[in-house]
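Residue 3 in my numbering is what sits at position 10 of the sequence shown, and the numbering runs on without skipping anything.
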Amino acid sequence: LGAGVHPVAADVADEAALADVLAAIRAAHGRVDGIVHAAGVPGDNLIAYRDADDFASVLRPKLRGAFLLHHLTRDDRPDFVLHMSSVAAVFPALGQADYAAANLYLDHLARTLNTPEHRVVSVDWVAWREVGMAVDTGVSEDLVFRSLRTRTGLDLIDAALRGDRAGFFAGEINYTSDLMSVLPTYHVALSADIEDKIETGLAAIEERSRQSLTRVREAVESTEVRLTGRPDDGYTDRERMVGRCLAHTLGHPVIDVHADFRDLGADSIMALTIGNSISACLGRQFDTVDLMSERTVAAVARLIENKYDTGGPDDDGDDAWLDELLTMPGD
-6 LGAGVHPVAA
4 DVADEAALAD
14 VLAAIRAAHG
24 RVDGIVHAAG
34 VPGDNLIAYR
44 DADDFASVLR
54 PKLRGAFLLH
64 HLTRDDRPDF
74 VLHMSSVAAV
84 FPALGQADYA
94 AANLYLDHLA
104 RTLNTPEHRV
114 VSVDWVAWRE
124 VGMAVDTGVS
134 EDLVFRSLRT
144 RTGLDLIDAA
154 LRGDRAGFFA
164 GEINYTSDLM
174 SVLPTYHVAL
184 SADIEDKIET
194 GLAAIEERSR
204 QSLTRVREAV
214 ESTEVRLTGR
224 PDDGYTDRER
234 MVGRCLAHTL
244 GHPVIDVHAD
254 FRDLGADSIM
264 ALTIGNSISA
274 CLGRQFDTVD
284 LMSERTVAAV
294 ARLIENKYDT
304 GGPDDDGDDA
314 WLDELLTMPG
324 D
């Protein structure tokens, strides 16, 4: 189409650096005609384990970057500004508080600034299958939503820019996903057609889940793992169970019972799989939040003994309200 690509590296949240890049563009082309703001850093941890610098690193490129792009091009009056937001703004997952907030800001900014004369749009993307952050972090497969092919994504960008709305959600529900049950737990208005499809899908998932529990449990129990961390090798049955669940998902043949799961390669998505394996072995629902908060084989095993083996998370204790507040959507 006659387009040329000229890569320039700069921090979109650094005013001086961004100003220099924009000045170079104006010198070469006379005006900034359009902007696609796709900068972003993924967040992946519970709030309890994030400090101010962690939050800032996730918020900065989207919040500060978006502000500077609008501020420094106010005299250019670009034909469009497209903000690449995320599904996390609408359906945030465990460990995405900062990332969800950053993308929700982009959505509200677009609604505030969009006018017939100045097109500003924010698109809440599900994972792209072939390029982008989801590919880089290894979560580009179909989950609650089907991941997008690049060609489909480009067509949706074209449709969004040609439309008149300030915000779009770009994604297709995966009605066969075992994680689909989280959707009704969010405060999002769904059409009657979508709700009917979810209900039908959940019924099928429930039947599949009953059939697969035995297979999962057998697969975990057949997983060989050597636990380390104690000189006397005195590991409890629950530690061995949690260790096998972790090894089954991560593929580690040796696991230190005091090692942080995240140091072993686990993230919030993998935590769901590990949590499901623990549920299958326990024969009852295990709260994935417990896995993310305790974070070692020894700590999770101890929690299972105290919380699940002696009464369980359904007991109405003084902290029942907190358990409910922290429960993973869909659990």
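A virtual CB, placed ideally from N, CA and C, is assigned to each residue, including glycine.
| Check | Outcome |
| --- | --- |
| Would you check if the distance between the CB atom of arginine 104 and the CB atom of glycine 58 is smaller than 8 Å? | no |
| Looking only at its chain, what residues have a beta carbon closer than 6 Å to the beta carbon of alanine 90, apart from the 5 residues adjacent to it on each side? | Ile40 |
| Can you grab the Cα-Cα spacing for the pair aspartate 47 / aspartate 37, in whole Å? | 10 Å |
| With a CB to CB cut of under 6 Å and the five nearest residues on each side skipped, what residues in its chain are close to alanine 85? | It is proline, not alanine, that sits at residue 85 in the sequence shown. Here the set comprises Ala93. |
| With 16 as the cutoff for other CB atoms within 10 Å, does aspartate 171 come out buried or exposed? | buried |
| Let me make sure I understand the geometry here. Which of Gln278, Met77, Val113, Leu136 has the alpha-carbon closest to that of leucine 206? | Gln278 |
| Do leucine 396 and leucine 99 have their CB atoms nearer than 8 Å? | Because residue 396 is not part of the residues shown, which for the chain are -6 to 324, the question remains open. |
| Please state whether the Cβ-Cβ distance between arginine 142 and arginine 155 is less than 8 Å. | no |
| Taking valine 25 as the reference, which of Asp68, Ala196, Arg203 has the closest Cα? | Asp68 |
| Determine the contact status of isoleucine 248 and glycine 236, defining contact as a CB-CB distance below 8 Å. | yes |
| For the stretch 73 to 88 and the stretch 169 to 189, state whether three or more C-beta atom pairs, one from each stretch, are separated by less than 8 Å. | yes |
| Evaluate aspartate 157 with the Cβ neighbour count: other Cβ atoms within 10 Å of its Cβ, from every protein chain shown; 16 or more gives buried, anything less gives exposed. | exposed |
| Any contact of the stretch 187 to 195 with the stretch 146 to 155, i.e. 3+ C-beta pairs under 8 Å? | no |
| When the Cα of threonine 348 is compared with those of Gly(-3), Leu239, Glu8, which residue comes out closest? | Coverage of the chain is limited to positions -6 through 324, which leaves residue 348 absent and any answer about it impossible. |
| Three-state secondary structure (DSSP) at aspartate 311? | With a pLDDT of only 47 at aspartate 311, under the threshold of 50, the placement of this residue in the model should not be trusted; the figure read from the coordinates follows. Correct three-state label for aspartate 311: coil. |
| Going by DSSP, which residues form a beta bridge with aspartate 249? | Thr221 |
| Which residues bound the beta strand (DSSP E) around glycine 27? | 27 to 30 |
| Can you tell me the Cβ-Cβ gap for glutamate 232 and alanine 163, rounded? I've got them flagged as a contact below 8 Å. | Not really, about 44 Å apart at Cβ, beyond 8 Å. |
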